[in-house]
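Residue numbers (this note's numbering): 930 to 1344. No residue lacks a Cβ here, since even glycine has one placed at the ideal position from N, Cα and C. Just so we're clear, the structure is a prediction, and the values are computed from it rather than from any experiment.
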Amino acid sequence: MNSGMLKIVFGLVAIFVILTAVNIGYQRMRKGYTTETALLAVGSDSEQVQGVFIRDEEVINYSGSGVISYEVADGGKLGIGSVIANVYSTENQIEIKQRIKNLENTLSLLERISNPGTTKTAQPSNISDLLNEMYRGFLYHREQGQLSNLQSEREEMVVLFSTYQLVTGKHSGYDARMDSIASEITSLTIAQEPPLDVIRANRAAYFVSYADGYEQTLTMDNLDSLTVEQLQEVTDIPKSDGKIVGKLIDGYSWVLAAVVDNSERIYKLEDRVTLKFASTSDTVTGEIILLNKEQGDDKTIMAVQCETLTHDLVQHRTETVEIIRGEYRGIMVPRSALHFREITEEVTDPETGEVSTVTSNHRGVYVLDGEQPEFRKLDVLYEGTDYVISAQNAGSGYLMLYDSIITEGIDADGT
């Protein structure tokens, strides 16, 4: 076939493709279809409540004088005899202690950077790749609100960047800076006084640096006697008292109590649910251990026992909590697109192998298959207020990912 004939053939093919596309667009416009692409989504079966944290706690008081400097963070674990706090004569002594700690951290970083083994073997291209990776990790932790991870990521980035400067000759070294820091640490150490007193833990426990007055009433032993009114009156205000050092929490097990509407029996004892809190990105899984409905199903006191204790989870006595009963991943379908249609199918009995014809009513949607609307069944996993989630890859005749769902312009019979 010569080049002229090829040009004619390619031209005809191009014209055919254009006409087909125009025809499809015309048919859609003529029939007035509005479509939506079938995409994956996650539906949550959940509700928001005001939750109250219940733990076995003991308030720690200190009657002496002085300024308290904590040695353990909120949510930190203590052993018998572990130091909770040191008591100093003035705030200045605490500032000196903190300054020494910061300088020691800086000195440790500079020593890592200046290590001959590091600078001799490091390659600029490798350091650059590590910096890019570290930077992405830094952004991820920032978006997730994981502040504790941000500090460690920052220190690693400082080490890498400074090492890069040394390797590429853009910095001569940090010896003078390290000598200056070491000298300042020595001066501050001389000015530092020993603590007036030391506050220690009398048993193994977790620590929190505040108290709120509910430590004796909101306990694990008092769960059964809690009332709706008690839970609704709980506030999240720390108690102001100069003698309070903080409190000890017995064990890592705690309970979240909330008033829920269980008229439809959506919650059952021993069910496992996931808790998502307003104050942290972390989620916690727990087991329902109490459903007290003495004031009616619509005001049921539910208690969820959890086994995870972190810094963020001990900062509040009450806060907004999302109780997630389940999450369902599949294809999201707007309710406006739902239709019902009778379908006759051949069904095989799994035991006998006998094939029979069955006509049944199916819920589904119409999709555009080329120019024509076609009915596709749904395998509904979850129903939201204005959408449903259908299973992905449910099989032949079912809605598939990326189908064009008709949301407007079609009747129940597909016309």
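- Take Val1174, set aside five residues on each side of it, and the residues of its chain with a beta-carbon closer than 8 Å to its own are Ile989, Asn990, Tyr991, Ile997, Ile1013, Ala1014, Ile1128, Ser1138, in chain order.
- Exclusion of the five residues before and after Gln1121 leaves Gln1022, Ile1025, Lys1026, Ile1029 as the residues of its chain whose Cβ lies within less than 8 Å of its Cβ.
- The Cβ atoms of Ser1011 and Glu1251 lie no closer than 8 Å to each other.
- A Cβ-Cβ contact shorter than 8 Å links Lys1197 with Ile1217.
- In this structure, DSSP gives Val1088 a helical state, which the three-state scheme calls helix.
- When the beta-carbon positions are compared, Phe1206 and Glu1158 stay at least 8 Å from each other.
- Three or more beta-carbon pairs separated by less than 8 Å link the segment 1265-1276 to the segment 1284-1297, which places the two stretches in contact.
- Per DSSP, the continuous beta strand (DSSP E) segment holding Arg1305 begins and ends at 1301-1306.
- DSSP lists Tyr1316 as the bridge partner or partners of Pro1263.
- Arg984 counts as buried, since no fewer than 16 other beta carbons sit within 10 angstroms of its beta carbon.
- Judged by DSSP secondary structure, Val1188 falls within the beta strand (DSSP E) whose first and last residues are 1183-1189.
- DSSP places Ala1232 outside any alpha helix (DSSP H); the residue lies instead in the beta strand (DSSP E), whose first and last residues are 1229-1235.
- Gly1008 and Ala1133 have their C-alpha atoms spaced approximately 4 Å apart.
- Just so you know, the alpha carbons of Ile1335 and Phe1269 end up roughly 14 Å apart.
- In this structure, the alpha-carbon of Pro1123 lies about 38 Å from that of Thr1148.
- Around the C-beta of Ile1042, 16 or more other C-beta atoms lie within 10 Å, and the residue is accordingly described as buried.
- By the C-beta density criterion, Leu1238 is buried, having at least 16 other C-beta atoms within 10 angstroms.
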